[in-house]
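Novice: Protein chains in written order, with full-length UniProt numbering: chain A, 1 to 229; chain B, 1 to 229. Where a beta carbon is used, it is the ideal one built from N, C-alpha and C, also for glycine.
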DNA sequence: CGCCAACTTGAGTGCCGTCAAAGTTTGTGG
DNA sequence: CCACAAACTTTGACGGCACTCAAGTTGGCG
């Protein structure tokens, strides 16, 4: 295994208050692994043996119903910890983590969690902040689903993706990982058909441009207006 | 202020590992207060000055949209901490806590939070477990809203309330705090009209009985069946 | 006894899901 | 390099669930 560079972690919140020496030690205990798009990093209900730091790529936190439908609860950008069951006193993962794009993650055996919390200043605090943010996001999602129409939810989801993961391109801002109509529908609790119709409509009005698995937002402001009506 | 009895806290998870002497000290720092039904214990966005232990009554965790609609994200039973913004590194409350019934809560100034975490064994762990449970519940709710019809959601909500707060009565199990059609509709993201129609229907079939603000479930099993179809 | 909140019920309608079919892009193996 | 399959996308037709609007009833409280 190639020796990992310290700069990978120095700027990430859970580790940002640590000294080089400490980060070195943390890296030496880590495994690094690449994941293809669309695979599970860990699965709901399985014993929580490791926790992860997503270095590159995007991950969907997914729950699967009895009838096999998938519901996406969260999208996680690079630089966050995932699979931190231990932080909330669980010994199995509470949800499945699927890669949305090709991804790279470090991981550590779960028994190191307590060490990290005890030895590294700020590690626990920052982890719990992340947890709090996620709780907030999930609550927002409930509010959205309870009060908004499908059109507004899809507009919001697009805006959120653009903000989190947008990359400037010629005609606007592109979501920088492959995303299908199906993915968007799971994110917004609707069907791929409805998403397709909406995107077609918006494309005709010049708000977005899309090809297979790629979406470019040309007029974010118009989407904001849509999302609030 | 009357001296509070130690037995109030001894059996509650965040404090259950502590000695009598420690609990005494914690109680001496607490304020105790009664709340009428339907009032806010604290409000979203306000500075998080105190954290609370709900001793009696029920609390709805509510978010209010720009247009004034209320959405209930969680129901909290007695024996849980609320308003623990500090635990997730926030200094304002992330949601509003409304009493669903007359309630009783202890509270402490937020600056004691760090003391509690540092000095009392198990306090932090148990608090984070609670947090994790809430994250799980909220995610369940998203899945429910994404995949189930209104009828099933209402049936589920009723079952959950009965499990959390049910009290045996002559003809079945009664939800032991006043709850309106409106409350149920905010809990399940529908309208009071639809809830009213559903309850009327179920009443005709003998599944439930209801008068103003009171609901008795006569046949929980039938509701389970409904909720899963 | 009057008022108000809570609840009920009916009628109409529109959003969006389901069903169905066809078109387009990408990748793969011969 | 072409054929073909698989994955993704589009579009139309139809219908039902649940929302809105509207009117009225019930029950509790001062």
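Note down the Cα distance separating residue 172/B from residue 73/A, rounded to an integer number of angstroms.
Specialist: Each residue's alpha carbon lies about 36 Å from the other.
Novice: Could you round the C-beta distance between residue 108/A and residue 50/A to whole angstroms and report it? I think they count as a contact, below 8 Å.
Specialist: About 6 Å; that satisfies the 8 Å criterion.
Novice: Residues in the segment 112-140 of chain A with C-beta within 9 Å of chain B's C-beta atoms, listed in sequence order?
Specialist: Against chain B - using a Cβ distance shorter than 9 Å - the residues of the segment 112-140 of chain A are 124, 125, 126, 128, 129, 130, 131, 132, 133, 134, 135, 136, 138, 139 and 140.
Novice: Determine the direct distance from the alpha carbon of residue 77/A to that of residue 184/A, and round the result to whole angstroms.
Specialist: Looking at the two C-alpha atoms, the distance is approximately 16 Å.
Novice: Would you grab the beta carbon distance between residue 29/B and residue 112/B for me? Rounded to a whole angstrom, and I think it's under 8 Å.
Specialist: Contact flag correct, Cβ pair sits at about 6 Å.
Novice: What does DSSP give as the partner residues of residue 22/B in its beta bridges?
Specialist: In the DSSP output, where bridge partners are listed per residue, residue 22/B has none listed.
Novice: Bridge partners of residue 56/B, per DSSP?
Specialist: In the DSSP output, where bridge partners are listed per residue, residue 56/B has 104/B.
Novice: Measure the beta-carbon distance from residue 226/A to residue 155/A and round it to whole angstroms, keeping in mind my assumption that it falls under 8 Å.
Specialist: Contact flag correct, Cβ pair sits at about 5 Å.
Novice: Does residue 35/A come out as helix, strand or coil in the three-state DSSP assignment?
Specialist: Of the three classes helix, strand and coil, the one that applies to residue 35/A here is strand, per DSSP.
Novice: State yes or no: is the beta carbon of residue 257/B nearer than 7 Å to at least one beta carbon in chain A?
Specialist: The displayed coordinates of chain B run from 1 to 229. Any statement about residue 257/B would go beyond what the structure contains.
Novice: Quick one: which chain B residues come within Cβ less than 7 Å of residue 147/A?
Specialist: 65, 69 and 71, listed in chain order.
Novice: Quick one, which residues of the segment 73-107 of chain A are near chain B if we go by CB-CB under 9 Å, in chain order?
Specialist: Residues 73, 74, 85, 87, 88, 89, 90, 94 and 95.
Novice: Does any CB atom of chain A fall closer than 7 Å to the CB of residue 59/B?
Specialist: It does not; no Cβ of chain A falls within 7 Å.
Novice: Could you pull the start and end residues of the alpha helix (DSSP H) that residue 230/A belongs to?
Specialist: This structure does not reach residue 230/A, given that chain A is present from 1 up to 229, and the question cannot be answered.
Novice: Using a Cβ-Cβ distance under 7 Å, would residue 175/A count as near chain B?
Specialist: No - not a single Cβ of chain B is within 7 Å of the one on residue 175/A.
Novice: Kindly list, in the order they appear in chain B, the residues whose Cβ is closer than 7 Å to that of residue 189/A.
Specialist: Ordered by position in chain B, the residues that pass the 7 Å Cβ test against residue 189/A are 145 and 146.
Novice: Could you pull the start and end residues of the alpha helix (DSSP H) that residue 74/A belongs to?
Specialist: It is not in any alpha helix (DSSP H) - residue 74/A instead sits in the beta strand (DSSP E) that spans 70-76.
Novice: Using three-state DSSP, classify residue 40/B as helix, strand or coil.
Specialist: Strand at residue 40/B.
Novice: So the alpha helix (DSSP H) residue 174/B belongs to, where does it begin and stop?
Specialist: First-last for residue 174/B: 172-175, but that is the beta strand (DSSP E), not the alpha helix (DSSP H).
Novice: If you follow the alpha helix (DSSP H) that residue 180/B is part of, which residue opens it and which one closes it?
Specialist: No alpha helix (DSSP H) contains residue 180/B, which DSSP labels as neither H nor E.
Novice: How is residue 141/B classed by DSSP in three states: helix, strand or coil?
Specialist: Helix at residue 141/B.
Novice: Tell me which residues of the segment 9-38 of chain A have at least one Cβ-Cβ distance to chain B shorter than 8 Å, keeping chain order.
Specialist: Within the segment 9-38 of chain A, no residue has a Cβ that lies closer than 8 Å to any Cβ of chain B.
Novice: Do the segment 126-142 of chain B and the segment 97-106 of chain A make contact, defined as three or more Cβ pairs closer than 8 Å?
Specialist: Because the criterion of three Cβ pairs below 8 Å is not met, the segment 126-142 of chain B and the segment 97-106 of chain A do not touch.
Novice: Where do the N-terminal and C-terminal ends of the beta strand (DSSP E) with residue 210/B fall, by residue?
Specialist: From DSSP, the beta strand (DSSP E) with residue 210/B extends over 208-211.
Novice: Kindly identify the DSSP beta-bridge partner or partners of residue 166/A.
Specialist: In the DSSP output, where bridge partners are listed per residue, residue 166/A has 175/A.
Novice: Output the boundary residues of the alpha helix (DSSP H) element that contains residue 214/B.
Specialist: Not the alpha helix (DSSP H): residue 214/B falls in the beta strand (DSSP E), residues 214-217.
Novice: State the CB to CB distance for the pair residue 43/B and residue 93/B, rounded to an integer number of angstroms; the pair is presumed to be in contact (CB under 8 Å).
Specialist: Right, their Cβ atoms sit about 7 Å apart.
Novice: For residue 96/A, does the count of other Cβ atoms within 10 angstroms reach 16, so buried, or fall short, so exposed?
Specialist: Answer is buried; the Cβ neighbour count reaches 16.
Novice: Are the beta-carbon atoms of residue 53/B and residue 106/B separated by less than 7 Å?
Specialist: For residue 53/B and residue 106/B, yes; Cβs fall inside 7 Å.
Novice: Do you know how far the Cα of residue 121/A is from the Cα of residue 162/B?
Specialist: Each residue's alpha carbon lies about 44 Å from the other.
Novice: List the endpoints of the continuous beta strand (DSSP E) containing residue 99/B.
Specialist: Residue 99/B -> beta strand (DSSP E) spans 96-99.
Novice: Kindly list the residues whose CB is nearer than 7 Å to the CB of residue 213/A, restricted to its own chain and excluding five residues on each side of it in sequence; keep chain order.
Specialist: The residues are 178, 179 and 180.
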